[in-house]
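S.K.: Take a look at the following structure, please.
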Amino acid sequence: MSDFFFSGSVSAKLDGKNRFVLPQQMRYGLIEKGELRFSIALGLGGCLAIYRQSDIEKIAQKFKEKQHVAKYQKFFTLFFSTLHTTTCDKIGRLVLPPLLKKAVDIKSDLIIAGVLNKIEIWPQERYDAQLQAMMSGEDPDYDLAKLSEEAFALLEEPSDEPAFIIE
Numbered sequence: 001m002s003d004f005f006f007s008g009s010v011s012a013k014l015d016g017k018n019r020f021v022l023p024q025q026m027r028y029g030l031i032e033k034g035e036l037r038f039s040i041a042l043g044l045g046g047c048l049a050i051y052r053q054s055d056i057e058k059i060a061q062k063f064k065e066k067q068h069v070a071k072y073q074k075f076f077t078l079f080f081s082t083l084h085t086t087t088c089d090k091i092g093r094l095v096l097p098p099l100l101k102k103a104v105d106i107k108s109d110l111i112i113a114g115v116l117n118k119i120e121i122w123p124q125e126r127y128d129a130q131l132q133a134m135m136s137g138e139d140p141d142y143d144l145a146k147l148s149e150e151a152f153a154l155l156e157e158p159s160d161e162p163a164f165i166i167e
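This is the structure in structure tokens:
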């Protein structure tokens, strides 16, 4: 499972009980030790994030080391007070906690996006607006060409071999 990563995106709708169906492929990626159990929390940029339980345990362990550092207190309070451990029902529906729904302003339509080690849940309007701004180049902070170049540069590993130089 260490090589697994989440990818792809689908549209979904909340029903009258604040539930939506988490795609089957994504649900499979959340199963650990034979159990479908995961955490949902505030994400970056106006979305929610679903994490595997093992990832939340690693995050909590690292944060415990810094729990008495004053500059992190508000973040830790916000992150852990909005963190909900949950599961899906038999047909794959997930109940969106009202506090989280309100925090990111999800009304009905949403996008479920797989992003490496987490699943992001976006209000449809915000996801579409950010995608359009990035694709059109309207947002100087998210220049797709520049960000793509920088991201793919992360893949370059320094070589242990000496450079071949012709003199």
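Taken in order, the sequence shown gives residues 1 to 167; the numbers are from the numbering used here.
Each residue gets a CB set at the ideal place from its N, CA and C atoms; glycine is no exception.
Quick caveat: nothing in here was measured; it's all calculated off a predicted structure.
Cutting at 7 Å between CB atoms, please list the residues of its own chain near CYS47, excluding the five before and the five after it.
M.R.: As a first step, residue 47 is located in the sequence shown; it is residue number 47 there, counting from the start. So the list reads VAL104, GLU120, ILE121 and TRP122, once near-sequence residues are dropped.
S.K.: Are PHE20 and THR85 close, meaning C-beta to C-beta below 9 Å?
M.R.: If you number the sequence shown from 1, residue 20 lands on position 20. If you number the sequence shown from 1, residue 85 lands on position 85. In this structure, THR85 does not lie closer than 9 Å to PHE20 by Cβ.
S.K.: Buried or exposed: which applies to LYS33, given that a residue is buried once 16 or more other Cβ atoms fall within 10 Å of its Cβ?
M.R.: Within the sequence shown, the letter at position 33 stands for residue 33. When all chains shown are included, LYS33 counts as exposed.
S.K.: Locate the alpha helix (DSSP H) running through GLY29, then write down its first and last residues.
M.R.: Within the sequence shown, residue 29 is the residue found at index 29, counting from 1. Counting along the chain, the alpha helix (DSSP H) containing GLY29 begins and ends at 24–30.
S.K.: With a threshold of 8 Å on Cβ separation, who are the neighbours of ASN117 within its own chain once the five nearest residues in sequence on each side are excluded?
M.R.: Working through the sequence shown from its first residue, we reach residue 117 at position 117. PHE5, PHE6, TYR51, ARG52 and ASP55.
S.K.: Could you name the residues of the same chain whose beta carbon sits closer than 7 Å to that of PRO98, not counting the 5 residues immediately before and after it, in chain order?
M.R.: Indexing the sequence shown from 1 puts residue 98 at position 98. ASN18, listed in sequence order.
S.K.: Per DSSP, what are the beta-bridge partners of GLY34 in this structure?
M.R.: Sequence index remark: in the sequence shown, residue 34 carries index 34 (1-based). In the DSSP output, where bridge partners are listed per residue, GLY34 has none listed.
S.K.: Whose CA, out of GLY43, GLU150 and GLY16, lies closest to the CA of ALA113?
M.R.: Locating residue 113 in the sequence shown gives position 113, counting from the first residue. That would be GLY43, whose Cα lies nearest to the Cα of ALA113.
S.K.: Just the Cα atoms here: how many angstroms apart are ALA129 and GLU149?
M.R.: For the purposes of this step, residue 129 is identified with residue 129 of the sequence shown, where counting begins at 1. For the purposes of this step, residue 149 is identified with residue 149 of the sequence shown, where counting begins at 1. About 22 Å.
S.K.: Could you tell me if LEU154 is buried or exposed, where buried requires 16 or more neighbouring beta carbons within 10 angstroms of its beta carbon?
M.R.: Within the sequence shown, the letter at position 154 stands for residue 154. LEU154 should be labelled exposed.
S.K.: Going by beta-carbon coordinates alone, are LEU94 and LYS13 separated by less than 9 Å?
M.R.: Residue mapping note: residue 94 aligns to position 94 of the sequence shown, counting from 1. Residue mapping note: residue 13 aligns to position 13 of the sequence shown, counting from 1. It is not a contact, given that the beta carbons lie outside the stated cut-off.
S.K.: Return yes when the Cβ of ALA60 is within less than 9 Å of the Cβ of ALA49, no when it is not.
M.R.: Here the question's residue 49 lines up with position 49 in the sequence shown. Here the question's residue 60 lines up with position 60 in the sequence shown. For ALA49 and ALA60, no; Cβs fall outside 9 Å.
S.K.: Let me check one thing: in DSSP terms, what residues is ARG7 bridge-paired to?
M.R.: Numbered from 1 along the sequence shown, position 7 holds the residue referred to as residue 7. Per the sequence presented here, residue 7 reads as Ser, with Arg not at that position. In the DSSP output, where bridge partners are listed per residue, SER7 has none listed.
S.K.: By DSSP, does THR77 sit in helix, in strand, or in coil?
M.R.: The sequence position of residue 77 within the sequence shown is 77, counting from 1. Reduced to three states, the DSSP call for THR77 is helix.
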